[in-house]
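*Asks:*
Number of protein chains: 2
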Amino acid sequence: MHDCLFCKIQKGEIPADIVFQDDDLIAFRDVNPQAPTHVLIIPRQHIATVNDIAGSDETIMGKLFSAAKIIAAQEGVSDDGYRLVVNCNAQAGQTVFHIHMHLLAGRNLSWPPG
Amino acid sequence: MHDCLFCKIQKGEIPADIVFQDDDLIAFRDVNPQAPTHVLIIPRQHIATVNDIAGSDETIMGKLFSAAKIIAAQEGVSDDGYRLVVNCNAQAGQTVFHIHMHLLAGRNLSWPPG
């Protein structure tokens, strides 16, 4: 998508503090961190929201979790724990319409989750 | 797992308010709802935490998102929005060690997510 911020990041057109990448995914630190570790994991493929996932996207969506596991280990938070959050549309606070999984860690995360 | 609460729910040994199920997944309402819609989506397969996901589990993990999309539509919250949350270990508040995705909707969900 020509004007999608996260597409530009994944293509390297906008800089980001990248912590993980492979052929399918890229992960970088949130510029507005809400916890000591706050990383966004995105598919390289542009999918706007969870409502737009097709059956053929299930493997790539599952890979978000595999990447989260790897990044949590890199960050040293696997054992203490981490929260994964995906927002869909306005009431959830989605602001960039390219699916992204938030990984938050490094502090106690309260309940409810917002 | 013999003593896993969510394994017992998916086998029908403990009742739950089920909103969706197929061969791979089952989804039911949280008994302690934190929003007007609060559903838990779990793989039938016992996987304790995100740290325990294998590469072969990626498709099933992706199906959690497909189920979320279906359930959001059933609940009439697709357009307004919904938040998906997966907690791993203590600092995130994971209490049942069988992977579950929370789907919360029906109110504005604040930021940070806990």
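Residue numbers (my numbering), protein chains in the order written: chain H, 1 to 114; chain D, 1001 to 1114.
In this text, a Cβ means the ideal position worked out from N, Cα and C, and glycines have one as well.
In this text the structure is predicted, and so the values were computed from the model without any measurement.
Using the C-alpha atoms, what's the distance from residue 10 of chain H back to residue 44 of chain H?
*Replies:* Their backbone Cα atoms lie some 6 Å apart in a straight line.
*Asks:* Let me make sure I understand the geometry here. Which of H:23, H:69 and H:54 has the alpha-carbon closest to that of residue 80 of chain H?
*Replies:* Closest option to residue 80 of chain H, Cα to Cα, is H:69.
*Asks:* Do three or more CB pairs link the stretch 46–63 of chain H to the stretch 1056–1069 of chain D at distances below 8 Å?
*Replies:* They touch, by the three-pair rule.
*Asks:* Taking only the alpha-carbon atoms, compute the straight-line gap between residue 37 of chain H and residue 14 of chain H and give it to the nearest angstrom.
*Replies:* Roughly 21 Å between the two C-alpha positions.
*Asks:* In chain order, what residues of the same chain have a beta carbon less than 8 Å from the beta carbon of residue 93 of chain H, not counting five sequence neighbours either side?
*Replies:* 87 and 114.
*Asks:* Report the option in D:1022, D:1020, D:1021 and D:1027 whose CA atom is closest to the CA atom of residue 1102 of chain D.
*Replies:* Considering only alpha carbons, the answer is D:1027.
*Asks:* Quick one: using the 10 Å Cβ neighbour count with 16 as the cut-off for buried, is residue 118 of chain H buried or exposed?
*Replies:* Residue 118 of chain H lies beyond the range of chain H shown here (1 to 114); nothing can be said about it.
*Asks:* What does a CB cutoff of less than 7 Å around residue 61 of chain H pick up in its chain, not counting 5 residues either side in sequence?
*Replies:* For residue 61 of chain H, where only same-chain residues beyond five positions count, the Cβ hits under 7 Å are 53.
*Asks:* Using three-state DSSP, classify residue 1104 of chain D as helix, strand or coil.
*Replies:* In this structure, residue 1104 of chain D counts as strand in the three-state DSSP scheme.
*Asks:* Are the beta-carbon atoms belonging to residue 39 of chain H and residue 1083 of chain D less than 8 Å from one another?
*Replies:* Not closer than 8 Å, so no.
*Asks:* What would DSSP say about residue 1031 of chain D, mapped onto helix, strand or coil?
*Replies:* Three-state result, residue 1031 of chain D: coil.
*Asks:* Taking DSSP as the reference, what is the three-state secondary structure of residue 10 of chain H?
*Replies:* Residue 10 of chain H: helix per DSSP, three-state reduction.
*Asks:* If you draw a straight line from the alpha carbon of residue 18 of chain H to that of residue 95 of chain H, how long is it in whole angstroms?
*Replies:* Cα to Cα, the separation comes out at about 20 Å.
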